[in-house]
Each structure stands twice: as C-alpha cells, then as structure tokens.
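Residue numbers (this note's numbering), protein chains in the order written: chain A, 13 to 343; chain B, 7 to 369.
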C-alpha cells in the first residue's frame, strides 16, 4: 500500500504543471484539486517518516537518560519523558506501525466490504438476504468493545493481528453502501445491455459495475483507514497492545499513566496528539478531494475552485453562472 | 446584429417581442472552454411559435437552457442578454436576475417542457397533486382545494379526463404523461413556453395530437412557443417562424413557409432534401454529406464550408454573418448567414464575390 501511495506523491509534480493538462497528463487531474493535494502532501510526509524513521530518530526510544521531563529543546525536539526517553524518537518510530496497521486494516476491510457488498447487491435473493443480515449484525455490534474483547483474548495483540481485528469489525459500513449502489447499478440500461450482449457475470461485475463504484470504494477506503488509525491508537492508549511497541497511542498511554498533564509536561501528549490530528486531517482532505472528483461533470469545477472564485463563477445546478467575458466581435 | 434587429423592427408591422436573446455566448468547461454558442441573437414575438432546428449537437437545447439559465455545470454563459418583456411592458434581463427573482420568474413567465418530459413526473405522487404543488409554490395564497380544481381544469385543457388527476404517473401512457407535463407547464399561464423535443419519444400519431394541442392552446391562451426539434417536417407544420442552427450559430431565420419553399442557406436546403415532402412535387433526396465540425476547434471562416456544395474561396477565410438574402423580392425580415448572399463582406475581405446559385434563389 505504502509503495502505491508514494507513486501518487511523485505524480503531484506532473499534476500541478502550470500549463493546461493535455494528453497523458489528464490522468492526474485529481491531483490538481488543492484539497486532495494538501492531504496527499501531509500523508506523503508521514509515509516518508514511516520509511526513514529508523535513520532519522536521534535516540533509541527505549533508552533512559538523565534528562528527566525536559521541555522541547534542540537536544530533544519534543522533550523527554519521566525516565528521560526522547519523545521525538518515540513519535518518529511510532509512525510506521500507525500507518502500516491503518493501511493494512483499511485495505482488508475495504476488500471484505467490496466482496460482500457487490455480491449481495448483484446476486439478490437469499444470498443478498443472508449477506445483508451478516453486515447488519456487524453494524449493530458496538465496535470498540468488540475490538477490546478480541484483542484481549489474543495471545499476542501486536502489529498485524490488531490490523485484522480492526478490519473484521470495520467492513460492514462499506459493504452496506456498496450493496445499495450495486442494487441501483445492476438495473441500469448499460448493465442490461451488457447482459444482452452475452457478457459473463464476472465481466459485468468487474468491467461494468466496479468502475462505477471506484469513487465510493476510494472514499470508503480512506474513511476506513481513518477509523483504523483511531481504533489502533485507542487500543494502545488503553494499554491493550504491548506497551513497548511504539506508536502514537503508546506514547499517549505513558503520558496518561505518568500524569503528564498534572506535571505540566504538555510536550508529552501535544506532539503525538498533533500528529494524529494532522493525519486525520490529511485523510479527510483526500476524501473531500475524492468527493469533488466523483461527479465527472463537477471535475473541472472542483479542480480550479480558486480560479473560478476569482472570475466570480459559482457553479450550481439550476442557476447557470453568467460572466461577461466574451469579446463582442459582432456589433 | 442590433442594427439588423432595428431594421427588422421598422419593417415588421407587429413587432412585439416577448423574449429577445442578444449576443448570447455559452461555453462548456471553465478551464479549456468549448464555445458552444457564439453571439446568438434571436427574437421571439408574442403569440408566435418559433421553431429551432438543426442536427444533434448544434446547440439547440443549449440555447434554450442558457436562455433560462438552467444549463448545468460546466456550462457557463459568457456574455449577452436575454430580455423578457412582461405583458405590462416591464422588461427584465433574465441573465441579471438574482436567485429569488429568477425562481419566481420561472414557470410563471417562462415554462419549459423537457426532453423526455414524461420522466419528470415524480412516481410517488398523484399527478393532480403535482400540478397543484406547482401552483401553490408560486401562489402561496391559493388553497389546496382551489389548486387541485385548477389542476383538473388544466388536465381537461390538454385533453385528459379530469378524473385521472388521482392517478399515479405509471398509470398513464407516455403520451398522456407528456400532456400532463404540458398542462403543468401551462399551470401558471406563462408567456413563453419552451419545448425541448417534446415529441421525440412518442409515436407519430401521438406527435400529431400533441402538436395540434399546442397549436390549439396557443390560439386560446396566447403564449409564445420556442419549439426545439430536429424534425424539420414537424416544424413546418407547427412553427410560424423557423431558425436553423448549425455549429452553435443561427444560419437562417425566416417564416416557416419561406424556409420550406425558398431556403436561402445551403444547410437549410440540405436539411429539406433529407426527408421526402408529404405533398406536392417529388423532390430528390440528397442529404448532407460529411458530419458537423468539432466544436472544440472550429475551422476558420464558414463552419459549414466543408460540407457545402456552393463553397468558394472566400468561405475559408471570412465568417459569414446574418444578413438579408441577396435574392430580389424576398421577405426583408428574413436573414441568412451565407457569403453567397453577402457580396459586400466578400468584397471587403478582398475576394471575388460569387453569385447566389439558382438552387438557393427559388421563388
């Protein structure tokens, strides 16, 4: 997953080329959306941190030192803990597990949602009934307690097992949305036409229906990743994952248990908290970008919102904007 | 264009415009716009049925939607005016109205019957109630009972038994649903009715009924109609005046019978030779070779020249404008955009003017 994201980041340069896109560059139209661009930029930053964290962390996150509870300084950019551990190193090294677990969980949950949702929507009948019932059950189960119970009963609740627990509890919403959309799509004329042409069911699902769901799937994926980040950090914060495996939640767990607030050690929880907020914002911005990109008609609208504002154009349905720009070459 | 409109105004005995479109320009796309309408001017007189004809993609519907500001994104009106003249003589520019006034003006002043209008009905409400809804939305003082009674009258007007007001849309046939839409459009006694291919999805019998109905209602209620279709033979039946569009411009604007019997633009001539006449002498069916130009990069000069049998060297360089045709004895109100009829422009461009071919100078 992270490799793919890096690819996206590289393409940003192409996307914001000042000249109008032509030919091949049209593929990157999505990248011209300012919101999506900001979101991808922040996410890309965290991905880079996750990859190179080992080399840029100045200290061993577990190493104790004599600098107890120091506020941020040039030696310790984000201060130190009660045992003199470097918070900056903990946050930097914690990034990898946050992103890895979040994306693995998001990917697995989305995949599960696609399979269950599209199958239920397309086959209908008894299959639909039972798959819908299954996703309804998962929807009404309170997620966090279930996650806590499952992680609590696992022999080792570190790393990927947490990702899969999150995936298993988080797929139902996406399946529900995809099922509804598939139900509507399979009745459309172009699907009927494909069926009349003798296309195989597989091909209809993969080539006719799935591309129409791309935007929903992408938005759902990003949403699930956000959910996974928060769930995982919650679990670590509650101390349900091993407290010596660093992620932002673990840092917060130690800050909470060692009374950072009461000791006025604000750096201990503000920096990891800010990282969580920033990552959440990045994911939300990407989702906004996808939203504006969903409707092909609005694509050109979302892309250059600033330019449109400058020209006084507010694209709305039912009230065509009027600008007096045309040159009057006819008297 | 305005000079031409003025001269027309002097000549025409009853010059009572209800809708004047002046230099209307429309783009699709904000970034790399395609100019789909380029400075179109068109006048609709009170009580007149104006037909707009042309091939698919020539901008007929765009013109109607732009004039009512209903063009969806990424449509953009880049210039011009659409002046609506009320019954009491008050004039307003549709393009300059604010949202509230525009909303109030819609349906009341100008009503639209959409392409495939029968799908515009909401399947979960009874048709009588849907018509009554439109009435109460614009006239909140009307009681529900009165509105429903008016809805029943309107259904009667378009030839549907008022008892059907309690039917749901799926209980009506396509033609009846279309007539319900027409009744709905007439609910607030509009002065302009824009019909965008209202009969395309219907069979010929139903087409005829609806066209007759519209003509009849026009005579009784006195509204003006802009009738958009690519079916020229249908237009000749219903329209008083016909404007032929090609590649986002009006190429000929004349009284319906003049267009039918004495076309002056080679494109109109081609259109008329694309279907057999119902009466009179047999005509050779010619059709029009080639296909319309790409609106995103129009050739210089006349956009029709590649398909035109009468193109000459000036056509590649000079853009034709609407002028009175160079055929003696023609109705001075008609206009045509063809260089064969505009020797002054050709001469001014430094080319040798070519005469009007016999085929475009019939009497």
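For every residue, glycine included, the Cβ atom is placed at its ideal position computed from N, Cα and C.
>> For the structure I just gave you, are there three or more beta carbon pairs, one from the stretch 90-102 of chain A and one from the stretch 145-153 of chain A, closer than 8 Å?
In response: Segments in contact, no.
> So what does residue 28 of chain B bridge to, in DSSP terms?
Replying inline: Numbered from 1 along the second chain, position 22 holds the residue referred to as residue 28 of chain B. According to DSSP, which records beta bridges pairwise, residue 28 of chain B is partnered with B:87.
>> In this structure, how does DSSP classify residue 250 of chain B when only helix, strand and coil are distinguished?
In response: On the second chain, position 244 is the one that residue 250 of chain B refers to. Note: residue 250 of chain B maps to strand in three-state DSSP.
> What does DSSP give as the partner residues of residue 80 of chain A in its beta bridges?
Replying inline: Along the first chain, read from residue 1 onward, the residue named residue 80 of chain A stands at position 68. None; residue 80 of chain A has no bridge partner.
> How would you label residue 280 of chain A, buried or exposed, when you count the other beta carbons within 10 angstroms and need 16 or more for buried?
Replying inline: The residue given as residue 280 of chain A occupies position 268 in the first chain. When all chains shown are included, residue 280 of chain A counts as buried.
> Does any C-beta atom of chain B lie closer than 8 Å to the C-beta of residue 325 of chain A?
Replying inline: As a position in the first chain, residue 325 of chain A is number 313, starting the count at 1. The beta carbon of residue 325 of chain A sits closer than 8 Å to some beta carbon of chain B.
>> Whether or not the stretch 154-164 of chain A and the stretch 172-182 of chain A are in contact is what I'm after, with contact meaning three or more pairs of Cβ atoms, one per stretch, closer than 8 Å; do they touch?
In response: Because the criterion of three Cβ pairs below 8 Å is met, the stretch 172-182 of chain A and the stretch 154-164 of chain A touch.
>> Using only CA atoms, which one of B:225, B:203, B:96 and B:342 lies nearest to residue 272 of chain B?
In response: Translated into positions along the second chain, residue 272 of chain B becomes position 266. The residue with the shortest Cα to Cα distance from residue 272 of chain B is B:342.
> Is DSSP giving residue 173 of chain B helix, strand or coil here?
Replying inline: Numbered from its first residue, the second chain carries residue 173 of chain B at position 167. Judged by DSSP in its simplified three-state form, residue 173 of chain B adopts coil rather than helix or strand.
>> Using 8 Å as the threshold, is the C-beta distance between residue 346 of chain B and residue 330 of chain B below it?
In response: The count along the second chain starts at 1 and reaches residue 346 of chain B at position 340. The count along the second chain starts at 1 and reaches residue 330 of chain B at position 324. At least 8 Å separates the beta-carbon of residue 346 of chain B from that of residue 330 of chain B.
>> To test your reading of the DSSP string, which unbroken beta strand (DSSP E) runs of 3 or more residues are found completely within the stretch 224-298 of chain B?
In response: You should have 230-234, 247-252 and 255-261.
> Distance, Cα to Cα, residue 54 of chain B vs residue 288 of chain B?
Replying inline: What you label residue 54 of chain B is simply residue 48 of the second chain in a count that begins at 1. What you label residue 288 of chain B is simply residue 282 of the second chain in a count that begins at 1. Answer to the nearest angstrom: the Cα atoms are 30 Å apart.
> Does any CB atom of chain B fall closer than 8 Å to the CB of residue 91 of chain A?
Replying inline: Against the first chain, residue 91 of chain A aligns to sequence position 79. Not one beta carbon of chain B lies nearer than 8 Å to the beta carbon of residue 91 of chain A.
> Checking contacts by CB at 8 Å: is residue 78 of chain B closer than that to chain A?
Replying inline: Stepping through the second chain from its first residue, residue 78 of chain B is reached at position 72. So yes, residue 78 of chain B belongs to the interface.
>> For a cutoff of 8 Å on Cβ pairs, would you count residue 37 of chain A as touching chain B?
In response: Here residue 37 of chain A refers to the residue found at position 25 when the first chain is read from its first residue. Interpretation of residue 37 of chain A is limited by its pLDDT of 49, a score under 50 that renders its predicted location unreliable; the figure taken from the coordinates is listed afterwards. Look at residue 37 of chain A: its C-beta is not under 8 Å from any C-beta on chain B.
> What residue from B:282, B:257, B:220 and B:281 has the CA that sits closest to residue 270 of chain B's CA?
Replying inline: Taking the first residue of the second chain as 1, we reach residue 270 of chain B at position 264. Considering only alpha carbons, the answer is B:257.
>> For residue 306 of chain B, count the other beta carbons within 10 Å of its own beta carbon; 16 or more makes it buried, fewer makes it exposed. Which is it?
In response: One-based indexing of the second chain puts residue 306 of chain B at position 300. Its Cβ having fewer than 16 others within 10 Å, residue 306 of chain B is exposed.
> Buried or exposed: where does residue 72 of chain A fall if 16 or more other Cβ atoms within 10 Å of its Cβ makes it buried?
Replying inline: Taking the first residue of the first chain as 1, we reach residue 72 of chain A at position 60. Label assigned to residue 72 of chain A: exposed.
> Tell me, which residues are paired with residue 81 of chain B by DSSP?
Replying inline: If you number the second chain from 1, residue 81 of chain B lands on position 75. Partner(s): B:34.
> Quick one, which residues of the stretch 52-86 of chain B are near chain A if we go by CB-CB under 7 Å, in chain order?
Replying inline: Contacts with chain A (Cβ-Cβ distance below 7 Å) from the stretch 52-86 of chain B involve 72, 75, 76, 77, 78, 79, 80, 81, 82, 83, 84 and 85, listed in chain order.
> Is DSSP giving residue 48 of chain B helix, strand or coil here?
Replying inline: Numbered from its first residue, the second chain carries residue 48 of chain B at position 42. In the structure shown, residue 48 of chain B sits in a strand (DSSP, three-state: E or B).
>> Just checking: is the beta-carbon of residue 329 of chain A within a distance shorter than 8 Å of some beta-carbon in chain B?
In response: On the first chain, position 317 is the one that residue 329 of chain A refers to. So yes, residue 329 of chain A belongs to the interface.
>> Checking the sheet assignment: what are the DSSP bridge partners for residue 92 of chain A?
In response: Within the first chain, the letter at position 80 stands for residue 92 of chain A. Per DSSP, A:98.
>> Taking 7 Å as the limit between beta carbons, can you name the residues of its chain near residue 147 of chain A, skipping five residues before and five after?
In response: Within the first chain, residue 147 of chain A is the residue found at index 135, counting from 1. These residues qualify, in order along the chain: 128, 184, 187 and 188.
>> Looking at residue 112 of chain A: is its Cβ nearer than 8 Å to the Cβ of residue 69 of chain A?
In response: Here residue 112 of chain A is taken as the residue at index 100 of the first chain, counted from 1. Here residue 69 of chain A is taken as the residue at index 57 of the first chain, counted from 1. No.
> What is the DSSP secondary structure of residue 123 of chain A, reduced to helix, strand or coil?
Replying inline: The residue given as residue 123 of chain A occupies position 111 in the first chain. It is helical.
>> Using CA atoms only, rank isn't needed, just tell me which of B:25, B:209 and B:228 is closest to residue 237 of chain B.
In response: Locating residue 237 of chain B in the second chain gives position 231, where the first residue counts as 1. When only C-alpha atoms are compared, the closest one is B:209.
> Does the beta-carbon of residue 30 of chain A have 16 or more other beta-carbons within 10 angstroms, so that it is buried, or is it exposed?
Replying inline: Stepping through the first chain from its first residue, residue 30 of chain A is reached at position 18. With a pLDDT of only 36 at residue 30 of chain A, under the threshold of 50, the placement of this residue in the model should not be trusted; the figure read from the coordinates follows. Taking all protein chains in view, the Cβ of residue 30 of chain A is surrounded by fewer than 16 other Cβ atoms within 10 Å, so the residue is classified as exposed.
>> So for residue 108 of chain A, helix, strand or coil by DSSP?
In response: Your numbering for residue 108 of chain A matches position 96 in the first chain. Of the three classes helix, strand and coil, the one that applies to residue 108 of chain A here is helix, per DSSP.
> How would you list, in chain order, the residues of chain A whose beta-carbon sits under 7 Å from the beta-carbon of residue 252 of chain B?
Replying inline: Along the second chain, read from residue 1 onward, the residue named residue 252 of chain B stands at position 246. Below the 7 Å Cβ cutoff, chain A contributes no neighbours of residue 252 of chain B, its closest Cβ being approximately 16 Å away.
>> Tell me the rounded alpha-carbon separation between residue 323 of chain A and residue 44 of chain B.
In response: On the first chain, residue 323 of chain A is found 311 positions in, with the first residue counted as 1. On the second chain, residue 44 of chain B is found 38 positions in, with the first residue counted as 1. Those two C-alpha atoms are separated by around 20 Å.
> With a cut-off of 8 Å, does the C-beta of residue 332 of chain A fall near any C-beta of chain B?
Replying inline: Here residue 332 of chain A is taken as the residue at index 320 of the first chain, counted from 1. Cβ-Cβ to chain B under 8 Å: yes for residue 332 of chain A.
> Does DSSP put residue 369 of chain B in a helix, in a strand, or in coil?
Replying inline: Locating residue 369 of chain B in the second chain gives position 363, where the first residue counts as 1. Here residue 369 of chain B sits in coil by DSSP.
> Any C-beta of chain B sitting closer than 8 Å to the C-beta of residue 337 of chain A?
Replying inline: By 1-based counting over the first chain, the position of residue 337 of chain A is 325. Taking Cβ atoms only, chain B reaches closer than 8 Å to residue 337 of chain A, which makes this a yes.
> Along the stretch 89-105 of chain B, what residues have a CB closer than 7 Å to any CB found in chain A?
Replying inline: For the stretch 89-105 of chain B, the set of residues with a beta-carbon nearer than 7 Å to any beta-carbon of chain A comprises 101 and 105, in chain order.
> Just curious, the alpha helix (DSSP H) that residue 352 of chain B is in, first and last residue?
Replying inline: Numbered from 1 along the second chain, position 346 holds the residue referred to as residue 352 of chain B. DSSP places residue 352 of chain B in the uninterrupted alpha helix (DSSP H) bounded by 349-354.
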